[in-house]
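Asker: Those letters in the sequence shown? Residues -28 to -1, 1 to 381, per mature numbering (1 follows the signal peptide of the UniProt record, and there is no 0), in order.
In this text, a Cβ means the ideal position worked out from N, Cα and C, and glycines have one as well.
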Amino acid sequence: MIVRNLVRLLSSALPAAVLLALPHTVQAQPGAVAYASESPAKSSAYPKGDFAAHLTAATGGDGSSCGGGACDWGWGCGGSPFRTGPGPCDDWRVGPRWRGSVGAIVLFRESIDLVGLAAESMAGGAAIPLGADTVTENFDHGIGGRLRLINDFSEQRGYSVEVNYVGIPEWNASAYSPERPPAGPVIPGVTQQRSLEYTSYMHSVEVNMLRQSDSVVEAYGGARYIRLAEDVDDFLNRAESFPALPPNAPVPDPVLDVRDLLRHVGVANNLIGIQGGLRSDLFQVTPRLRFEGFLNGGAYCNLIYRDSRIDETRRVVALDDPSTPDSEAIEVTQSSQVGYESDRARIAYTAEASFAAALQWNRCLSTKLGYQVLYLDGLELGASAFRGIPPSSEDLLLHGFFASLEYRR
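1) Let's test the definition: count the other Cβ atoms within 10 Å of the Cβ of M174 and tell me whether it reaches 16, buried, or not, exposed.
2) What do you get for C273, buried or exposed, if any count of 16 or more other CB atoms within 10 angstroms of its CB means buried?
3) Determine the closest residue to W70 out of N123, G269 and V107, with distance taken between C-alpha atoms.
4) Taking the alpha-carbon of A325 as reference, which of P141, G269 and E378 has the nearest alpha-carbon?
5) Considering F373, what are the terminal residues of the beta strand (DSSP E) in which it resides?
6) What's the gap between the Cα of I198 and the Cα of V135?
7) Could you round the C-beta distance between K340 and S376 to whole angstroms and report it? I think they count as a contact, below 8 Å.
8) Alpha carbon to alpha carbon, how far is H(-5) from S252?
9) Are there 16 or more other CB atoms within 10 angstroms of the CB of D367, so buried, or fewer, so exposed?
10) Going by C-alpha to C-alpha distance, which of V230, E178, S176 and L250 sits closest to R287?
11) Would you mind stating whether E202 and S172 have Cβ atoms separated by less than 8 Å?
12) If contacts are defined as beta-carbon pairs under 8 Å, then V177 and Y148 qualify, I think. What distance do you get, rounded to the angstrom?
13) DSSP three-state label for A90, please.
14) Smallest Cα separation from S314: which of A355, I276, T305 and E264?
15) Is it true that the CB of I282 sits closer than 8 Å to the CB of L233?
16) Just verifying my parser: in three-state terms, what is the DSSP assignment at F358?
17) Any idea what DSSP makes of C273, helix, strand or coil?
18) Would residue 382 pass as a contact of L267 if the rule is Cβ separation under 8 Å?
19) Need the endpoints of the beta strand (DSSP E) that P363 sits in, please.
20) Note the first and the last residue of the continuous beta strand (DSSP E) segment covering S149.
21) A320 and L370 - do their beta-carbons sit closer together than 8 Å?
22) Suppose the cutoff is 8 Å on Cβ atoms and the five residues either side in sequence are ignored; what does the same chain contact list for G193 look like?
23) In angstroms, rounded to a whole number, what distance separates the CA positions of residue 427 and G311?
24) Tell me which residues share the same chain as E169 and place their Cβ nearer than 6 Å to its Cβ, disregarding the 5 neighbours each side in the sequence.
25) Quick one: what's A301 bridged to in DSSP?
26) At the level of alpha carbons, what is the spacing between V289 and Q165?
27) Please classify S338: is it buried, with 16 or more other beta-carbons within 10 angstroms of its beta-carbon, or exposed?
28) Return the CA-CA distance between L121 and D112, expressed in angstroms with no decimal places.
29) Is it right to say N144 is buried, meaning 16 or more other beta carbons lie within 10 angstroms of its own, or is it exposed?
30) Quickly, what does DSSP pair W70 with across the bridge? List them, please.
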């Protein structure tokens, strides 16, 4: 009986004793008290150790310092009072991590032999005259967008998924003759202009897997799709112009037979394949400024689509002869098109490198400014297709600058 009463006494007194022994902290609401307990066992889910140590590091240790990490910059100890959700850039840092960046990129590409293309521009039976009245503009640079998203899975997984996009909506090269309409018609009753327009665009999407490690260099690999399309249009534009005859003139206006000709050649390269590379934080100048870069290469199956066509629009126009009782006025328009399409596949390769400077503004925001080079081999380009050269493997070099804003969560 005595033993039973002693057990009951200990079981009722022990929780109260333990509760009184635990340290307590006063919360934001008056009268609210929260009690801390001993740290649980070690867990690989928390890179800073056990759960209590992870929370201590997230709130700046004992409150006397911020810990010195990039996630403590800007917001101060304990993080922003407006950031309480899961993620490494908040007060708890126990949720999934992700990084996103958006920016602009300027890519330069190799110039083409625009003079040679214009000389072979034969729509209408005559090449574009490269005289003083001819305006030419070669390839220079294209401005596009650059997006990046990285999701870091739980620490025990040890890898990240990265999605990148780079796109240039348009490069342009052109030749026009004449730039301005002449004072009089080139041929009786007709004014004409010759134009050669060469346009190109590129879009690239890639999905990579990155292995998380403490090494300065990280290896990654994944799949990538690149589309490079080019169009060459040779256009002869004619407009009828009747002579100004007095009303009821004895001589009727001439019948005009005017033709507009458009020769179009298009080539689309669709590269689908795999790539692998290395990414590195090269060196850190200051706690906020670092330099980084990457290098990769890939092998692809290039699915090529080519089309070529000639469009002709013919207009026959005549006015009424006022000296006759009948009406001779006519206006007839006819359109015709001939062409072909072809598909083929070939092996293609890419090599890419980048070097950038990153400035960390606070624990969540950084800006980057860098230089990027992309080399593609195993393409078919519009200039060769326009000249009628048999299909063959060609290469292209793209290079330029980019700037982006990165947000870490």
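Answerer: So, from the data block:
1) Against the sequence shown, residue 174 aligns to sequence position 202. Burial call: buried.
2) In the sequence shown, residue 273 corresponds to position 301, counting from 1. So C273 ends up on the exposed side.
3) One-based indexing of the sequence shown puts residue 70 at position 98. Of all alpha-carbon atoms in N123, G269 and V107, the one lying nearest the alpha-carbon of W70 is that of N123.
4) Stepping through the sequence shown from its first residue, residue 325 is reached at position 353. The shortest Cα separation from A325 among P141, G269 and E378 belongs to G269.
5) For the purposes of this step, residue 373 is identified with residue 401 of the sequence shown, where counting begins at 1. Annotation: the continuous beta strand (DSSP E) that includes F373 extends over E366 to R380.
6) Residue numbering aside, residue 198 sits at position 226 when the sequence shown is read from its first letter. Residue numbering aside, residue 135 sits at position 163 when the sequence shown is read from its first letter. Cα-Cα distance, rounded: 14 Å.
7) Translated into the one-based positions of the sequence shown, residue 340 becomes position 368. Translated into the one-based positions of the sequence shown, residue 376 becomes position 404. Contact between K340 and S376 holds, since their C-beta atoms are separated by about 5 Å, short of 8 Å.
8) If you number the sequence shown from 1, residue -5 lands on position 24. If you number the sequence shown from 1, residue 252 lands on position 280. Model confidence at H(-5) stands at a pLDDT of 44, short of 50, so the residue's coordinates are unreliable and nothing is read from them.
9) Translated into positions along the sequence shown, residue 367 becomes position 395. By the Cβ-count criterion, D367 is exposed, with fewer than 16 other Cβ atoms from all chains shown falling within 10 Å of its own Cβ.
10) What you label residue 287 is simply residue 315 of the sequence shown in a count that begins at 1. The shortest Cα separation from R287 among V230, E178, S176 and L250 belongs to V230.
11) To locate residue 202, count along the sequence shown from 1; it is residue 230. To locate residue 172, count along the sequence shown from 1; it is residue 200. Against a cut-off of 8 Å, the Cβ pair of S172 and E202 comes out as a contact.
12) By one-based count along the sequence shown, residue 177 stands at place 205. By one-based count along the sequence shown, residue 148 stands at place 176. Contact between V177 and Y148 is absent: CB atoms are separated by about 35 Å, not below the 8 Å threshold.
13) Counting from 1 along the sequence shown, the entry for residue 90 is found at position 118. For A90, the secondary structure class from DSSP, reduced to helix, strand or coil, is helix.
14) Numbered from its first residue, the sequence shown carries residue 314 at position 342. From the listed residues A355, I276, T305 and E264, the smallest Cα separation to S314 is found for I276.
15) To locate residue 233, count along the sequence shown from 1; it is residue 261. To locate residue 282, count along the sequence shown from 1; it is residue 310. The answer is yes: Cβ separation under 8 Å.
16) By 1-based counting over the sequence shown, the position of residue 358 is 386. Collapsing the DSSP output to three states places F358 in a helix.
17) For the purposes of this step, residue 273 is taken as residue 301 along the sequence shown, with counting starting at 1. DSSP places C273 in strand when its eight states are reduced to three.
18) Because the chain here runs from -28 to 381, residue 382 falls outside it and cannot be looked at.
19) Numbered from 1 along the sequence shown, position 391 holds the residue referred to as residue 363. First-last for P363: undefined, no H or E at that position.
20) Position 177 of the sequence shown, counted from the start, is the residue given in the question as residue 149. Run containing S149: Y131 to S149, per the beta strand (DSSP E) assignment.
21) What you label residue 370 is simply residue 398 of the sequence shown in a count that begins at 1. What you label residue 320 is simply residue 348 of the sequence shown in a count that begins at 1. Contact: no.
22) Sequence index remark: in the sequence shown, residue 193 carries index 221 (1-based). Counting only Cβ-Cβ distances below 8 Å, and skipping sequence neighbours, we find N180, M181, I246, Q247, G248 and G249.
23) Nothing about residue 427 can be reported from this structure: the residues present for the chain run from -28 to 381 only.
24) As a first step, residue 169 is located in the sequence shown; it is residue number 197 there, counting from the start. So the list reads S146 and D205, once near-sequence residues are dropped.
25) Numbered from 1 along the sequence shown, position 329 holds the residue referred to as residue 301. Beta-bridge pairing links A301 to no other residue.
26) On the sequence shown, residue 289 is found 317 positions in, with the first residue counted as 1. On the sequence shown, residue 165 is found 193 positions in, with the first residue counted as 1. Cα to Cα, V289 sits roughly 20 Å from Q165.
27) In the sequence shown, counting from the first residue as 1, residue 338 sits at position 366. With 16 or more other Cβ atoms from the protein chains shown falling within 10 Å of its own Cβ, S338 counts as buried.
28) Within the sequence shown, numbered from 1, the residue matching residue 121 stands at position 149. Within the sequence shown, numbered from 1, the residue matching residue 112 stands at position 140. In this model, L121 and D112 are separated by some 29 Å (Cα to Cα).
29) Within the sequence shown, the letter at position 172 stands for residue 144. Result: exposed.
30) Locating residue 70 in the sequence shown gives position 98, counting from the first residue. In DSSP, W70 forms a bridge with N123.
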